[in-house]
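**Student:** Residue numbers (this note's numbering): 2 to 281.
1. Mind the definition here: the stretch 203 to 213 touches the stretch 88 to 102 only if three or more C-beta pairs lie below 8 Å; say whether that holds.
2. Assuming contact is defined by CB atoms lying nearer than 8 Å, are residue 86 and residue 139 in contact in what I supplied?
3. With residue 97 as the anchor, note down where its alpha helix (DSSP H) starts and where it stops.
4. Alpha carbon to alpha carbon, how far is residue 169 from residue 231? Give it in angstroms, no decimals.
5. Determine the burial state of residue 110: buried for a count of at least 16 other Cβ atoms within 10 Å of its Cβ, exposed for fewer.
6. Return the chain-ordered ranges of every alpha helix (DSSP H) run that is complete within the stretch 127 to 203 and spans a minimum of 4 residues.
7. Going by beta-carbon coordinates alone, are residue 252 and residue 243 separated by less than 8 Å?
8. Which class does residue 239 belong to by DSSP, given the choice of helix, strand or coil?
9. Find out if the Cβ-Cβ distance for the pair residue 149, residue 82 is shorter than 8 Å.
10. Note down, in chain order, each residue of its chain lying with its Cβ closer than 7 Å to the Cβ of residue 207, except the 5 sequence neighbours on either side.
11. Less than 8 Å between the C-beta atoms of residue 28 and residue 39, yes or no?
12. Measuring only between beta-carbons, confirm whether residue 110 sits less than 8 Å from chain C.
13. Alpha carbon to alpha carbon, how far is residue 159 from residue 5? Give it in angstroms, no decimals.
14. Note down, in chain order, each residue of its chain lying with its Cβ closer than 7 Å to the Cβ of residue 144, except the 5 sequence neighbours on either side.
15. By the 10 Å Cβ neighbour count, where 16 or more other Cβ atoms means buried, how is residue 154 classified, buried or exposed?
16. Would DSSP call residue 288 helix, strand or coil?
17. Following the continuous alpha helix (DSSP H) through residue 40, name the residue where it begins and the one where it ends.
18. Nearest-angstrom Cα distance between residue 256 and residue 75?
19. Comparing alpha-carbon positions, which option in 216, 177, 165 lies nearest residue 99?
20. Considering Cα atoms alone, identify which of 45, 171, 26, 165 is closest to residue 124.
21. If residue 173 and residue 236 are in contact, beta carbons under 8 Å, what's the gap, nearest whole angstrom?
22. Which of the three DSSP states is assigned to residue 4 in this structure?
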């Protein structure tokens, strides 16, 4: 098997099994997200997290008005770029080729699940709605998955350490510098203070990171979805949510003052005292 996806730009290589017949034991379902289901698995006597992708999200991307009437991209091209499995493959491929793999949890490659693997999943109740083939177009395609480092979830659902926020901000900045835009920064997508989910990421080269397209998008008042501003805004919203739950006593922790969008001023929730942004 070759690197995927079959698009210009970075690719993720297949996982290297030690045996000719891939041996995957599904140990425990860890959770279900918008685009995938994650299982704790044993492969060749080693424990991993296996992120199994569905197909439903692939149908939801029409061609942008910017490309209508042009020969550059077709709706099928956009679907291929925006497929969550391909998004993760391209992001991890870029981390690998730039030597920045420390910006996420370890990724060991992709696998195509066999019919036997799928049967085991079905027997264990693991064929969730996220990865079920609800559309006839996908009936004969194998389930696609990415093998990642297994990390035990912390006892606390969510905890932000103010001392680590500057480094997290620098990490997001570095992702942007190497051409990865996450497009889905939220608390549940971080683990051990690194981003673990790139299923909505856009990695250059990408149709929606064409300079002319971004200029058309922003000048026309059509939004900022395809620029780094979305990640910055999402990061700051995550901080604001944390601060709110700290203030009301839901979470135990300290107020966080750092923001990605440094041009804004913030107010302490109780005292109302103005606070200028702390340096990174």
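C-beta atoms are modelled at their ideal positions from N, C-alpha and C, and glycine is treated no differently.
**Tutor:** The short version:
1. Touching, per the Cβ criterion.
2. no
3. Counting along the chain, the alpha helix (DSSP H) containing residue 97 begins and ends at 85 to 98.
4. 16 Å
5. buried
6. 166 to 178
7. yes
8. helix
9. no
10. 82
11. no
12. The structure shown has no chain C; it contains just one protein chain.
13. 33 Å
14. 53, 114, 119, 132
15. exposed
16. The question about residue 288 has no answer here: the residues shown for the chain are numbered 2 through 281.
17. Residue 40 -> not in any alpha helix (DSSP H); beta strand (DSSP E) instead, spanning 37 to 44.
18. 47 Å
19. The shortest Cα separation from residue 99 among 216, 177, 165 belongs to 177.
20. 26
21. 6 Å
22. coil
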